[in-house]
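Here's the structure, in structure tokens; my notes come after.
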Amino acid sequence: NAGVTQTPKFQVLKTGQSMTLQCAQDMNHNSMYWYRQDPGMGLRLIYYSASEGTTDKGEVPNGYNVSRLNKREFSLRLESAAPSQTSVYFCASTGLAGINEQFFGPGTRLTVL
Amino acid sequence: GEDVEQSLFLSVREGDSSVINCTYTDSSSTYLYWYKQEPGAGLQLLTYIFSNMDMKQDQRLTVLLNKKDKHLSLRIADTQTGDSAIYFCAESNDYKLSFGAGTTVTVRA
Chain A
1 NAGVTQTPKF QVLKTGQSMT LQCAQDMNHN SMYWYRQDPG MGLRLIYYSA
51 SEGTTDKGEV PNGYNVSRLN KREFSLRLES AAPSQTSVYF CASTGLAGIN
101 EQFFGPGTRL TVL
Chain B
1001 GEDVEQSLFL SVREGDSSVI NCTYTDSSST YLYWYKQEPG AGLQLLTYIF
1051 SNMDMKQDQR LTVLLNKKDK HLSLRIADTQ TGDSAIYFCA ESNDYKLSFG
1101 AGTTVTVRA
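Residue numbers (this note's numbering), protein chains in the order written: chain A, 1 to 113; chain B, 1001 to 1109.
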């Protein structure tokens, strides 16, 4: 099992450009999440999908959109990138059974110039 | 997240014990967690405690929970250089987790 995979690992954008971050999990998990990590601020939830076919806003959704393409895949789109979106983005998933452990991908480091 | 607070830095000598503290706000959390992030990697669950427990021990790790004060701590005994990482406290809320800002632990020789 690959667990949670994310592409790309690194990306540099110019202000106003768009891009989609991809995430996939092979653990048959129902719920998936997108976080951003900034120094001194921990992880902040951008969007989440409790189950296939549903998406909800998290703490910092402005400037982002998401698509839960199927049970495996959950993508994050920046329509018009801004320097404030420079961050490390993590995707996570959980099956919600037992202790509700979230499994994280390796992250995408995004720089917006 | 603003609901979970922890100090940002801890420096400890190799072989000593490390104690990382955390305060949380949601008294309905079923589980409380400690995640570890090594450089350049995602977070991994290190340990957790069920909300009706006061203490959990797992090899070198001891988790203490004070529900009255909403205080959670993680003690790492005999700290090693491989323990250098960022440690995140997290509380559960429905489908979501709220994370603290993370404590960067530096182990010095």
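Glycine residues also receive a C-beta, built at the ideal position from the N, C-alpha and C atoms.
Let me check understanding here. Comparing Cα to Cα, which of the options lies closest to residue i?
i	options	result
A:Ser84	A:Glu59, A:Thr5, A:Leu110 and A:Asn70	A:Leu110
A:Leu13	A:Gly63, A:Ser80 and A:Ile99	A:Ser80
B:Thr1106	B:Phe1009, B:Glu1005, B:Ile1020 and B:Ser1051	B:Phe1009
A:Met41	B:Gly1040, B:Cys1089 and B:Arg1060	B:Cys1089
A:Met32	A:Val112, A:Leu113, A:Thr108 and A:Phe104	A:Phe104
A:Gln17	A:Val66, A:Pro8, A:Ala2 and A:Leu78	A:Leu78
A:Leu76	A:Arg36, A:Asn100 and A:Ala97	A:Arg36
A:Gln22	A:Phe74, A:Gly63, A:Leu45 and A:Tyr64	A:Phe74
A:Gly107	A:Pro39, A:Gly98, A:Trp34 and A:Asn62	A:Trp34
A:Tyr47	A:Asn1, A:Ala2 and A:Phe90	A:Phe90
B:Cys1022	B:Gly1040, B:Asp1003 and B:Thr1030	B:Asp1003
B:Gln1044	A:Asn65, A:Val66, A:Asn62 and A:Gly3	A:Gly3
B:Leu1074	B:Ala1041, B:Thr1025, B:Thr1103 and B:Lys1068	B:Thr1103
B:Glu1091	B:Ser1007, B:His1071 and B:Gly1040	B:His1071
Here's the rule I'm using: 16 or more other beta-carbon atoms within 10 Å means buried, otherwise exposed. How should residue i be labelled?
i	result
B:Leu1032	buried
B:Gly1001	Residue placement at B:Gly1001 cannot be trusted, given a pLDDT of 43 that sits under 50; what the coordinates show is reported in the next sentence. Classification of B:Gly1001: buried, given that the 10 Å Cβ count is 16 or more.
B:Met1055	exposed
A:Leu113	exposed
B:Lys1096	buried
A:Gln102	buried
B:Ala1101	buried
A:Arg68	buried
A:Phe10	exposed
B:Phe1099	buried
A:Ala92	buried
B:Ser1028	exposed
Along chain B, which residues have their Cβ under 8 Å away from the Cβ of residue i?
i	result
A:Met41	Ala1101
A:Phe74	Ordered by position in chain B, no residue passes the 8 Å Cβ test against A:Phe74, which lies about 13 Å from the chain.
Kindly list, in the order they appear in chain B, the residues whose Cβ is closer than 9 Å to that of residue i.
i	result
A:Gly107	Gly1040, Ala1041 and Gly1042
Please compile the residues from chain B whose C-beta is within a distance smaller than 7 Å of the C-beta of residue i.
i	result
A:Glu101	Leu1045
A:Leu45	Lys1096
Which residues in chain A have a C-beta closer than 8 Å to the C-beta of residue i? List them in chain order.
i	result
B:Leu1032	Correct list: empty, because the minimum Cβ distance to chain A is about 10 Å.
Residues of chain A with a CB under 7 Å from the CB of residue i: which are they?
i	result
B:Leu1010	Those do not exist, as B:Leu1010 stays about 15 Å from chain A at its closest Cβ, beyond 7 Å.
B:Tyr1024	The contacting residues do not exist; B:Tyr1024 stays about 13 Å from chain A at best.
task = Decide yes or no for the touch test of the segment 19-26 of chain A against the segment 42-51 of chain A: beta carbon pairs closer than 8 Å, at least 3 of them.
result = No, the segment 19-26 of chain A does not touch the segment 42-51 of chain A.
Would you call the segment 57-75 of chain A in contact with the segment 1006-1016 of chain B, where contact means no fewer than 3 C-beta pairs closer than 8 Å?
Segments in contact, no.
| query | Are the segment 1028-1039 of chain B and the segment 1078-1094 of chain B in contact at 8 Å, needing three or more beta carbon pairs? | reply | Of all C-beta pairs linking the segment 1028-1039 of chain B to the segment 1078-1094 of chain B, three or more are shorter than 8 Å, placing the two stretches in contact.
To be precise: take each residue of the segment 1059-1092 of chain B, compare its Cβ to all Cβ atoms of chain A, and keep it if any distance is under 8 Å. Which residues remain?
Result list: Phe1088 and Ser1092.
Relative to chain B, which residues along the segment 48-61 of chain A have a C-beta separation below 8 Å, given in chain order?
Closer than 8 Å at the C-beta level to chain B, one finds these residues of the segment 48-61 of chain A: Tyr48, Ala50, Gly58 and Glu59.
Q: For the segment 1039-1050 of chain B and the segment 1060-1080 of chain B, state whether three or more C-beta atom pairs, one from each stretch, are separated by less than 8 Å.
A: As far as the Cβ criterion goes, the segment 1039-1050 of chain B touches the segment 1060-1080 of chain B, which means the pair count is three or higher.
Inset, instruction - Give the residues from the segment 1036-1060 of chain B that approach chain A closer than 9 Å (Cβ to any Cβ), ordered along the chain. - result: Cβ proximity to chain A below 9 Å picks out Gln1037, Gly1040, Ala1041, Gly1042, Leu1043, Gln1044, Leu1045, Tyr1048 and Phe1050 from the segment 1036-1060 of chain B.
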